[in-house]
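Taking it in order: structure first as structure tokens, then the write-up.
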Amino acid sequence: NAGVTQTPKFQVLKTGQSMTLQCAQDMNHNSMYWYRQDPGMGLRLIYYSASEGTTDKGEVPNGYNVSRLNKREFSLRLESAAPSQTSVYFCASSEVIAGGGTQYFGPGTRLTVL
Amino acid sequence: AQSVAQPEDQVNVAEGNPLTVKCTYSVSGNPYLFWYVQYPNRGLQFLLKYITGDNLVKGSYGFEAEFNKSQTSFHLKKPSALVSDSALYFCAVRDSPGAGKSTFGDGTTLTVKP
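Protein chains in written order, with my numbering: chain H, 1 to 114; chain F, 1001 to 1114.
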């Protein structure tokens, strides 16, 4: 039981390049999330997927797109990276109803945009 | 709308002393409250949650939290701090256990000195 996995762990991009961050969970959770973490700003929600087939914008969606590929996988795409997107990105999944919405986080992807 | 405030960026305590990390929240309806911990270069880990029932909730690693509805607070506590408790702590709130999103505080850095 691996929990939530993210690839890659580290990435350096040049301004304007594109990339996709991958996330997968093996806990059969319906809901999945993408956050970014910047110093002094806590966690900010980029996009979330309440269930397979649905996605919704969070606080800071500009410059990002997401795909809920199936129940297990939720990817985040940067179409044209900008230095302001330098951050640590976390994927999470959550139990609903019985679990009360407890979230389980991946180890993170540290992205630098030059 | 829902929100969380962690009024202290940093809390310093001596090993063996009790610790408190403060959290206040705002939510319409019944709150679902969570504490998460983040160790350096790691993802967030779930510590404990309040959904309903007893106002004092016990969680992992000897931590507990007290839900106070009148003061809209959910402070994290531990009777005797360990150096290994040093980490970044996040409080989070949501207004339902179902599919939806949590709102996180900005985090409090706890430092326990020997």
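Backbone N, C-alpha and C fix where the C-beta goes; we use that ideal spot for every residue, glycine too.
How is the beta strand (DSSP E) around F:A1014 delimited, first residue to last?
-> Numbered from its first residue, the second sequence carries residue 1014 of chain F at position 14. Residues 1010-1014.
For F:C1136, write down the residues that DSSP places opposite it in a beta bridge. Any property of residue 1136 of chain F remains undetermined from this structure, which presents chain F solely from 1001 to 1114.
> Per DSSP, what kind of secondary structure is H:S18 in: helix, strand or coil?
Replying inline: Position 18 of the first sequence, counted from the first residue, corresponds to residue 18 of chain H. Coil at H:S18, not helix or strand.
Requested in this report: Note down, in chain order, all residues in the region 97-114 of chain H with a beta-carbon under 9 Å from any beta-carbon belonging to chain F.
Outcome: I97, A98, G99, G100, G101, T102, Q103, Y104, F105, G106, P107, G108, R110
Item to check | Proximity to H:G108 [Cα-Cα], best of H:V12, H:T7, H:R68, H:I46 | outcome: If you number the first sequence from 1, residue 108 of chain H lands on position 108. For the residues H:V12, H:T7, H:R68, H:I46, the minimum Cα distance to H:G108 belongs to H:T7.
Could you check where the beta strand (DSSP E) with H:A92 kicks off and where it finishes?
Taking the first sequence and counting its residues from 1, one reaches residue 92 of chain H at position 92. Run containing H:A92: 87-94, per the beta strand (DSSP E) assignment.
Where does H:P39 land, buried or exposed, given buried means 16+ other C-beta within 10 angstroms?
What you label residue 39 of chain H is simply residue 39 of the first sequence in a count that begins at 1. Burial call: exposed.
### Message
Let me see if you follow: with CB-CB separation under 8 Å, is H:F74 close to chain F or not?
### Response
Within the first sequence, the letter at position 74 stands for residue 74 of chain H. No, H:F74 does not count as interfacial toward chain F.
Exercise for review: Name, in chain order, the residues that DSSP records as bridge partners for F:Y1089.
Suggested key: Here residue 1089 of chain F refers to the residue found at position 89 when the second sequence is read from its first residue. Bridge partners of F:Y1089: F:V1037, F:T1108.
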